[in-house]
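Engineer: So that we are looking at the same thing, I have put the structure below in C-alpha cells.
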C-alpha cells in the first residue's frame with residue numbers, strides 16, 4: 001500500500017484550507033498525524049501535548065514561542081529547518097504571511113489530554129486553560145479559541161478565582177507523565 005504524496009502539489013491544492021485561527025490541514029490522520037500549517041497566524045494560546053512534535057518549515061520562517069524553565073522563549077525555525085519539540089513543553093506557533101510548515105504529531109492514547117492555555121501577558125500566571133482529548137486538532141482547537149474570546153477572562157484579562165480547577169476553564173490539568 002503506497003502512500004506517496006507530491007508535497008508541493010498537495011500544498012497548492014490545499015492552500016485555501018490554511019484559514020485562521022489554526023490555519024492547518026491534515027494530510028494523514030492515522031498513527032501519525034501529518035499536517036501542513038500556513039500563515040499568517042499570530043496566536044496567544046499555548047498548546048501542551050504529552051508527546052513530542054516535529055516542525056519542518058517548507059516555505060519561509062516561523063517562530064515557535066515556548067515556555068521553558070519558567071521563561072517565555074522564541075525558537076526561530078527557518079525555511080528548510082526541522083525542530084523536535086520535547087513532550088509537555090507549552091508552545092505557541094507564530095507563522096508569517098506566505099509561509100507553510102509541516103507538523104507531525106502522534107495519535108494520543110485515550111488516557112492523555114491536550115491542553116490549550118493562555119497566560120496573563122508574558123507572565124507565568126495562567127489566564128485560561130482547557131484540557132481535552134485530542135482526536136482532530138483541525139476541528140477541536142477553533143471552538144476552544146472562540147470559547148476563550150467569549151470568556152470573562154478575555155474581557156477582563158484576569159483569571160477567575162478557583163476557575164482553573166473547575167468547569168469554567170475546562171477541567172483539571174492532567175498529572176505530568178514520566
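Numbering (the UniProt record's numbering), first residue to last: 1 to 178.
Glycine included, every Cβ here is placed at the ideal spot set by N, Cα and C.
Taking the beta strand (DSSP E) that residue 128 falls in, what are its first and last residues?
Structural biologist: 126-132
Engineer: Helix, strand or coil, according to DSSP, for residue 117 in the structure here?
Structural biologist: strand
Engineer: Identify every residue that forms a DSSP beta bridge with residue 95.
Structural biologist: In the DSSP output, where bridge partners are listed per residue, residue 95 has 41, 62.
Engineer: Counting along the chain, where does the beta strand (DSSP E) carrying residue 109 start and finish?
Structural biologist: Looking at the DSSP string, residue 109 is not in any beta strand (DSSP E), and its letter there is neither H nor E.
Engineer: Can you find the residues in the same chain that come closer than 6 Å, C-beta to C-beta, to residue 144, ignoring five residues on each side of it along the sequence?
Structural biologist: 116, 130
Engineer: Identify every residue that forms a DSSP beta bridge with residue 73.
Structural biologist: 66
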